[in-house]
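Engineer: FYI, in mature numbering (1 follows the signal peptide of the UniProt record, and there is no 0) the residues of the sequence shown are -28 to -1, 1 to 564. We put the CB at the ideal spot given by N, CA and C, even for glycine.
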Amino acid sequence: MVYSRRESPGSRLLLLWLLLVYWKAGSGQLHYSIPEEAKHGTFVGRIAQDLGLELAELVPRLFRVASKGRRDLLEVNLRNGILFVNSRIDREELCRRSAECSIHLEVIVDRPLQVFHVEVAVKDINDNPPRFSRQEQRLFILESRMPDSRFPVEGASDLDIGANAQLRYRLNPNEYFDLDVKTNEEETHFLELVLRKSLDREETQEHRLLVIATDGGQPELTGTVQLLINVLDANDNAPEFDKSIYNVRLLENAPSGTLVIKLNASDADEGINKDIGYFFSNFVLDDVKSKFIINSNTGEIKVKGELDYEVCNSYEINIDAMDKSAFPLTGHCKVVVKLLDVNDNTPEMAITSLFLPVKEDAPVSTVIALITVSDRDSGANGQVTCSLMPHVPFKLVARIPFRVGLYTGEISTTRSLDETEAPRHRLLVLVKDHGEPALTATATVLVSLVESGQAPKASSRASAGAVGPEAALVDVNVYLIIAICAVSSLLVLTLLLYTALRCSAPPTEVVCTRGNPTLVCSSAVGSWSCSQQRRERVCSGEAPPKTDLMAFSPSLPQGPASADNVSFLILTSNFPSQFLNIKCHIHPVFFF
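1. So, do the segment 293 to 304 and the segment 205 to 224 have three or more beta carbon pairs nearer to each other than 8 Å?
2. Using DSSP with H/G/I as helix, E/B as strand and the rest coil, what is Gln198?
3. Cβ atoms of Lys169 and Pro119: under 8 Å apart, would you say?
4. For Asp405, write down the residues that DSSP places opposite it in a beta bridge.
5. Under three-state DSSP, which class holds Glu278?
6. Three-state secondary structure (DSSP) at Asn553?
7. Is Leu465 close to chain D, meaning its C-beta is less than 8 Å from at least one C-beta of that chain?
8. Rounded to the nearest angstrom, how far is the Cβ of Val197 from that of Glu108, given a contact under 8 Å?
9. Which class does Ile265 belong to by DSSP, given the choice of helix, strand or coil?
10. Comparing C-alpha positions only, which one of Lys246, Val48, Tyr250, Phe213 sits nearest to Ala237?
11. Mark Cys305 as exposed unless 16 or more other C-beta atoms lie within 10 angstroms of its C-beta, in which case mark it buried.
12. When DSSP labels each residue in this structure, what does Val92 get in the three-state scheme?
13. Would you kindly report the start and end of the unbroken alpha helix (DSSP H) that includes Gln21?
14. Quick check on this structure: which residue in His3, Glu320, Gly195 has the alpha carbon closest to the alpha carbon of Arg103?
15. Alpha carbon to alpha carbon, what distance is there between Asn267 and Gly277?
16. Provide the residue span of the beta strand (DSSP E) that contains Leu163, from first to last.
17. Less than 8 Å separating the beta-carbons of Arg117 and Leu66?
18. Run the CB neighbour count on Pro101, radius 10 Å, all protein chains shown included, and call it buried at 16 or more, exposed below.
19. Is the separation between the beta-carbon of Arg63 and that of Val94 shorter than 8 Å?
20. By the DSSP assignment, the alpha helix (DSSP H) with Pro78 in it spans what residues?
21. Within a Cβ cutoff of 7 Å, which residues of the same chain sit near Ala352, ignoring the five residues on either side of it in sequence?
22. Taking only the alpha-carbon atoms, compute the straight-line gap between Ala240 and Leu114 and give it to the nearest angstrom.
23. Which of the three DSSP states is assigned to Ile340 in this structure?
24. Out of Cys73, Asn285, Val92, which one is the CA nearest neighbour of Ala38?
25. In angstroms with no decimal places, state the Cα-to-Cα distance between Ile19 and Ile97.
26. Label Gly229 either buried or exposed according to how many other C-beta atoms from any shown protein chain fall within 10 Å of its C-beta, with 16 as the threshold for buried.
27. What residue does the beta strand (DSSP E) around Cys67 start on, and which one ends it?
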């Protein structure tokens, strides 16, 4: 049996109205707001009263609050129904940089079950100053950058929102840089450092600037960052020497390796732009390079070749100092080396004889020879003094005014000459310069005296350059050499004549006959007997035998008889140092 129940439309409307009232009561939402960083116990709202709940029923109906996230931020006092701050609320920690920040609560009561939604908005306060990511920003800028060049700078950030996060920037006053701030549609700031004046690293290597960021909160909070600008070197400075010209004095006998000068150039740049190499300029001649050498790293100039004051007494050396950058710059200087003369040249003499031999009746002051002395040194080293040695009736007189390096004089008689005192005179001319130590040279002049109208009794000659006491032995040496040459020539001629006679003599016919092995030796000095006898063929020529010949047979080894050539040595008494070798064909020989 089936029963059906029909409900009237009025009952349905009543049920729908009751459900709507219950939903509104259960789904009602409350809104509160509090500032962040509120202290513990700060009043938020009368939540029980606002929800229409009686204080007496809060505990029986199990009134409780549930929140998303942290549950200890807000709490309800069940005795008075007040919602209060239970712990520190940091908006930036809770909502980051979101424009809206709220705490959502669910209030639940039982008997009957009811759920209420409560939203607590957390208001931002200016509790965060602007912050830069680093306390110091370092920029590297070439000193060659032109004015109006721009360099990006990192800006600051503020965790607050709204006016509390709106930042303004300013740069501490300085003469080189300005700060330009640009803002896009999203209110994002872009900072650029603008160069207003050219930099000079050699003047200021580092610039320190301070950027200040200020927010729009009340009170205003600020943040700062220090800009440390390092000016990078550009190769804009050439090496410089202390002087443009260096004067150096150097002895001409300075050995190879002697330090002439050590150059030092400086460069205001840094790094490889400051490293300097030293070189001879392209204008330096090869002759100078053969005399001097330069160390490219230290700038030391040293003697390389042999110096000679008499050849060249001054050298000009152009030096380049070049830095080691990719596009090097060069500095220049000149080194003038002046050589100092040392007494390294012996005086040189030339003597010209005029009237040699000299007549006995020659008048006083008769010039017999002219003398010229030169010295390639300079100063006192080139000044010379001439004298005659020993005491002789002659004198040396200068013909022209004395000049350094040159002396011209004449040798003349000082009195009447007499052949009886000395038929020949040996004049020793001594030349000495004024250097330290002094160098000397000597020359010998031989003067022969003759009577008037007669031929000279002895030859006269002059020799220059003889040094020391050996000059007096010149004649003896010449005669000795001539004698040795004559004896040597006679010996050579004798040997040649003897060789020619031997080669031109006709050959002697030899007749060989068998004879008894008897050796007969006789001569004017006596006769000898032979202790050994041999049977041999005795060979003799057609010429009659000589009584002054002696025949000696060499010892022959014992062995089978054979035909062989045997040499006999014939010694003549007339030529005791000469041996004649005669070869004969020998038949079998028997030894006894």
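Structural biologist: Judging by the given coordinates:
1. In this structure the segment 293 to 304 lies against the segment 205 to 224, because at least three pairs of beta carbons, one per stretch, are closer than 8 Å.
2. Strand, per DSSP.
3. Yes, these two residues count as a Cβ contact at 8 Å.
4. Asp405 pairs with Val356.
5. In this structure, DSSP gives Glu278 a state outside helix and strand, which the three-state scheme calls coil.
6. Confidence in Asn553 is poor, its pLDDT being 40 and thus under 50, which makes the residue's placement unreliable; the coordinate value appears in the next sentence. The answer is strand: DSSP assigns Asn553 an E or B state.
7. Given the protein chain composition of this structure (a single chain), no chain D is represented.
8. By a beta-carbon distance limit of 8 Å, Val197 contacts Glu108. Their separation comes to about 7 Å.
9. Ile265 sits in a strand when the DSSP states are folded into three classes.
10. Taking only the C-alpha atoms, the option nearest Ala237 is Phe213.
11. Flag for Cys305 reads buried.
12. Of the three classes helix, strand and coil, the one that applies to Val92 here is strand, per DSSP.
13. It spans 19 to 22 - the alpha helix (DSSP H) in which Gln21 sits, taken as one unbroken run.
14. The residue with the shortest Cα to Cα distance from Arg103 is Gly195.
15. So the alpha carbons of these two residues sit roughly 15 Å apart.
16. Counting along the chain, the unbroken beta strand (DSSP E) around Leu163 starts and ends at 161 to 167.
17. No. Outside cutoff.
18. The residue is buried, with at least 16 neighbouring Cβ atoms inside 10 Å.
19. With contacts defined by Cβ atoms closer than 8 Å, Arg63 and Val94 form a contacting pair.
20. Sequence check: residue 78 is Glu here, not Pro. Element bounds for Glu78: not the alpha helix (DSSP H) but the beta strand (DSSP E), 74 to 81.
21. Residues His406, Gly407 of the same chain have their beta carbon placed closer than 7 Å to that of Ala352, with the five preceding and five following residues left out of the count.
22. Taking C-alpha positions only, Ala240 is separated from Leu114 by approximately 15 Å.
23. Secondary structure of Ile340 (DSSP, three-state): strand.
24. Nearest C-alpha to Ala38 among Cys73, Asn285, Val92: Val92.
25. Computed Cα separation, rounded: 25 Å.
26. Under a 10 Å Cβ-count criterion, Gly229 is classified as exposed, with fewer than 16 other Cβ atoms of the shown protein chains found around its own Cβ.
27. Where Cys67 is concerned, there is no enclosing beta strand (DSSP E), although the alpha helix (DSSP H) around it starts and stops at 63 to 67.
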